[in-house]
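Residue numbers (this note's numbering), protein chains in the order written: chain A, 1 to 253; chain B, 1 to 253.
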């Protein structure tokens, strides 16, 4: 299954390679989740769907653009064809494709793959078998109060708690691509990544990254403090706090 | 002069290429500005100094590591060998070398060059002759209240005003490399970049970026609202707000 995900992510890479991003910023439709679809998202999604069809459509598909495609399969492929669309369009080098395979919710995701579309790094995870970047096993960072790096979504739609938590780290950053930011926590670069804003973040942005994080030793919670789970659905959204080491939570109370 | 700066930045690129960043994180000395020097900074600085020596040391040097080197020249090269050292060491693909040439203060800087050491983009500026990225003329972004992107330094040492301003943009980001973030404002990707923290930002981080920003149509202010100037010196620091379009300031009052 990881091989198939690799191939799907490669298809996106090839479809976008050499394209002038400025030409891909026209809004072409309203996505299944209610946010406008950019041409770049559509091109990437089509590359995935075509590649999947070549393999006989072995998976159902859940996508931010197309919604649910029922191929009569047992498992569902949850895709964010381009995570960090804004970055891609304006030339900020942080965007990715995110692919996850599961049955009906975050908690049963079996496989996840995130590909950094600028630098080529590939993050993969298989439930119970660990998380890897380019073959190297990932392990989250132990909490060290003097050296914290928090990734916090900010801006006009962020909650007061977001600003509160952003003020508690040695370094606070925001890169604007959720799957890559979860990968930064999974790989021990950052201690925490949170989004607490309106609108909340979409299931398709999180599905692969959550498995990656958990397989690397981290955990993700909703803003009530419960372990995060989300049903598969095109309009599913949630806020969250993801940490590499649970002790980070004690440090921000 | 721009050719010389190109060559110096190329020397840094070559010196760091293929190095394992994890091996370069030992703190080896206390820099002239009072912050610890990492091996990566020292390697990059040496590459610049050696290349400059080959040219007969036509410039004095002001560096965060070495302090002031008086070569009896009329002009001074202000260098930040690696801007975004933390990013480089932990594998975040966002760091640069920043080079500027002037006499005694920010306001008389004649030439600036910033090279993105990950992606290779080169930003250059010559006073009165414009700012360019890879040969393309740069122009800051016009203010559009619905589409603002602010770059704001946050974390435990940031001022309350930083959080206040971070809450007013459609998108708030922080990438952790001052010269590249000034280049993002100069090139119209972002509307504003500010650092208001303790310790403040160093002259060497700003010297090239400020000329780039001004030549692209933007301006930079200290936190009293005056146009920013800073005398050349190894311990010079300041807080600042840089904008592409002055109307951005009206939007955040």
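Cβ coordinates follow ideal geometry from the N, Cα and C atoms, glycine included. Just so it is clear, the structure is predicted and the values come from calculations on it, not from any experiment.
Within the DSSP bridge table, the entry for residue 63 (chain A) names A:67 and A:79 as partners. Taking a contact to require three or more Cβ pairs closer than 8 angstroms, the stretch 211 to 222 of chain B and the stretch 123 to 132 of chain B qualify as touching. 8 angstroms or more divides the Cβ of residue 242 (chain B) from the Cβ of residue 211 (chain B). Residue pairing of residue 172 (chain A) in beta bridges, as defined by DSSP: A:150 and B:154. 8 angstroms or more divides the Cβ of residue 97 (chain A) from the Cβ of residue 92 (chain B). With its beta carbon at least 8 angstroms from every one in chain B, residue 234 (chain A) lies outside the interface. Pairing residue 140 (chain B) with residue 78 (chain B), the inter-Cα distance amounts to about 24 angstroms.
Under the three-state reduction of DSSP, residue 197 (chain B) is assigned to strand. Per the coordinates, the alpha-carbon of residue 203 (chain B) lies some 9 angstroms from the alpha-carbon of residue 64 (chain B). At a cut-off of 8 angstroms between beta carbons, residue 123 (chain B) makes no contact with chain A.
Residue 138 (chain A) and residue 186 (chain A) have their C-alpha atoms roughly 6 angstroms apart. One alpha carbon belongs to residue 151 (chain A), the other to residue 50 (chain B), and they sit about 38 angstroms apart. Each of A:236, A:194, A:120 and A:144 was checked against the Cα of residue 12 (chain A), and the nearest Cα belongs to A:120. Residue A:154 holds the alpha-carbon nearest to the alpha-carbon of residue 165 (chain B) among A:171, A:154 and A:104. Residue pairing for residue 241 (chain A): DSSP places it in a beta bridge opposite A:194 and A:221. Here residue 170 (chain A) really is in contact with residue 148 (chain A); their C-beta atoms are around 5 angstroms apart, less than 8 angstroms. With respect to the C-alpha of residue 9 (chain B), the residue from B:156, B:194, B:163 and B:100 having the closest C-alpha is B:100.
Following the DSSP letters along the chain, one finds residue 111 (chain A) inside the beta strand (DSSP E) bounded by residues 111 to 116.
Within chain A, the residues 189 have their CB atoms less than 7 angstroms from the CB of residue 92 (chain B), given in chain order.
For a Cβ distance threshold of 9 angstroms, nothing in chain A lies close to residue 137 (chain B): the least Cβ distance comes to about 15 angstroms.
Taking 9 angstroms as the upper bound on Cβ-Cβ separation, chain B lies near residues 167, 168, 169, 170, 171, 172, 173, 174, 175, 176 and 184 of the stretch 167 to 185 of chain A. At a cut-off of 8 angstroms between beta-carbon atoms, residue 192 (chain B) makes no contact with chain A. Note on the stretch 79 to 105 of chain B: whole alpha helix (DSSP H) runs with a minimum of 4 residues are 85 to 90, in chain order. Within the same chain, Cβ atoms closer than 8 angstroms to the Cβ of residue 2 (chain B) are found at 111, 113, 124 and 126, the five residues on either side in sequence being excluded. Secondary structure note for residue 126 (chain B): it is in no alpha helix (DSSP H), and the uninterrupted beta strand (DSSP E) holding it is 122 to 126. With a contact defined as Cβ atoms closer than 8 angstroms, residue 41 (chain A) and residue 76 (chain A) miss out at about 19 angstroms. Of all residues in the stretch 239 to 252 of chain A, none is placed with a Cβ closer than 7 angstroms to any Cβ belonging to chain B. For residue 198 (chain A), the CB contacts under 6 angstroms within the same chain, skipping 5 residues up- and downstream, are 157 in chain order. Per DSSP, the unbroken alpha helix (DSSP H) holding residue 166 (chain A) starts and ends at 160 to 166. Put simply, the CB of residue 198 (chain B) is far from chain A, with every gap to its CB atoms at 8 angstroms or more. Using beta-carbon distances, residue 131 (chain A) does not count as an interface residue toward chain B, since no partner is under 8 angstroms. Residue pairing by DSSP places residue 132 (chain B) opposite B:124 and B:137 in a beta bridge.
A straight-line Cα-Cα distance of about 35 angstroms links residue 225 (chain A) and residue 145 (chain B). For residue 231 (chain A), the beta-bridge partners assigned by DSSP are A:105. The three-state reading of DSSP puts residue 214 (chain B) in helix, counting H, G and I together.
The residues 51, in chain order, have a CB closer than 7 angstroms to that of residue 7 (chain A) in the same chain once the five nearest residues on each side in sequence are set aside.
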